[in-house]
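When we follow the numbering used here, the leftmost residue of the sequence shown carries the number 79, and every step to the right adds one.
Glycine is no exception: its CB is placed at the ideal position from the N, C-alpha and C atoms.
One structure is given here, and the rest of the page talks about it.
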Amino acid sequence: MVANLRNALALFIHNKIESVKNFKFNGKKTLLRIALPVALVLPTSAIVAVPAWACNGASPVSVTSTTPNGNYSTGNINIQLVWGTSIGVPTGGVPYVNLNLGAVTRRATYESRIASKTLNFTYAIQAGDTSADLQYVATNSLVLNGATLLQNVSGDPAGCYNPGWTAGITLPALNGSSLATNKNISINGVAGKATVSTLTGLTAFEHNEASNIISANAVTLSPSFSSSTTLYT
Numbered sequence: 079m080v081a082n083l084r085n086a087l088a089l090f091i092h093n094k095i096e097s098v099k100n101f102k103f104n105g106k107k108t109l110l111r112i113a114l115p116v117a118l119v120l121p122t123s124a125i126v127a128v129p130a131w132a133c134n135g136a137s138p139v140s141v142t143s144t145t146p147n148g149n150y151s152t153g154n155i156n157i158q159l160v161w162g163t164s165i166g167v168p169t170g171g172v173p174y175v176n177l178n179l180g181a182v183t184r185r186a187t188y189e190s191r192i193a194s195k196t197l198n199f200t201y202a203i204q205a206g207d208t209s210a211d212l213q214y215v216a217t218n219s220l221v222l223n224g225a226t227l228l229q230n231v232s233g234d235p236a237g238c239y240n241p242g243w244t245a246g247i248t249l250p251a252l253n254g255s256s257l258a259t260n261k262n263i264s265i266n267g268v269a270g271k272a273t274v275s276t277l278t279g280l281t282a283f284e285h286n287e288a289s290n291i292i293s294a295n296a297v298t299l300s301p302s303f304s305s306s307t308t309l310y311t
């Protein structure tokens, strides 16, 4: 409403200037005074404070996870991107977030819109993935992948209403409200290795010539493991 009033006022003044810009009195320039047709009084309800975040192109303000803090070697990790304004469901493609997993980059793929300002992504742990504290690669790690992501402005505060506005995709700085800052999730997808450190026993087999019987001696193995391992007997 404020913008409309300003535009109308600007147009009125422009038209007045255009109509008299060449006007002269006795060959001399004359001071131009423009009288407004009505007093401009704005209702209190029409004055809206500018939001702290930019309405058009607002980017995620936080990245977090509903997956509990801890160490993971298999399974899925849920990652949430939270905007400062309402977000629509991506259309036309499947966005993803590039994650830093040691020597490789993995994708957390868009799964669902779980709240008015939150999109959920899922990362599946793969063999060889390692991370002491799971984090995305950089602030440009959110890739739309052909998708269109609009702000769902029907849920925005007053003063931020335009159905054509697209959402920003710049993630918070790595040392800001990022995944690693908000969560403590470590990944270890490296398979454990067993090493035999002790081998005891006389011989593997013993032959009794009198009875012509071959018997096996007990052999003791003492393995050590490089990671958590379950033994089955």
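For the pair of segments examined, the segment 204-211 was found not to touch the segment 153-168: the number of CB pairs separated by less than 8 Å stays below three. One alpha carbon belongs to Leu220, the other to Ala186, and they sit about 9 Å apart. Beta-bridge partners assigned by DSSP to Ile203: none are found.
Secondary structure within the segment 165-203: the beta strand (DSSP E) runs of 3 or more consecutive residues, fully enclosed, are 174-179, 182-193, 196-202 (chain order).
Non-local C-beta neighbours of Tyr150 in its own chain, meaning closer than 8 Å and more than five positions away in sequence, comprise Ile203, Ile263, Ser264, Ile265, Asn266, ordered along the chain. Ranked by Cα distance from Ala258, the first of Val160, Asp211, Gly135, Gly153 is Asp211. In the structure shown, the three-state DSSP call for Leu222 is coil. Here DSSP, grouped into helix, strand and coil, assigns Thr152 to coil. Contact check for Leu177 and Val215: beta-carbon distance about 7 Å, within the 8 Å limit, so the pair qualifies. Excluding its 5 nearest sequence neighbours in each direction, Gln229 has C-beta neighbours in its own chain below 6 Å: Thr163, Trp243, Ala245, listed in chain order. Apart from sequence neighbours up to five positions away, the residues of its chain that approach Gly224 with a beta-carbon distance below 7 Å are Gly170, Gly171, ordered along the chain. By the neighbour-count criterion, in which 16 or more other beta carbons inside 10 Å mark a residue as buried, Ala136 falls on the buried side. The alpha carbon of Lys195 has as its nearest neighbour, out of Val182, Pro173, Gln158, Asn218, the alpha carbon of Gln158.
Leu179 and Gln213 have their C-alpha atoms some 8 Å from each other. For Thr144, no alpha helix (DSSP H) segment is defined, and its DSSP state is neither H nor E. When the Cα atoms are used, Val160 and Ala251 turn out to be separated by approximately 14 Å. Counting along the chain, Asn260 sits inside no beta strand (DSSP E); it lies in the alpha helix (DSSP H) bounded by residues 257-260. Annotated three-state conformation of Leu228 is strand, per DSSP. Less than 8 Å divides the Cβ of Asn147 from the Cβ of Lys261.
Ser137 has no beta-bridge partner at all, per DSSP.
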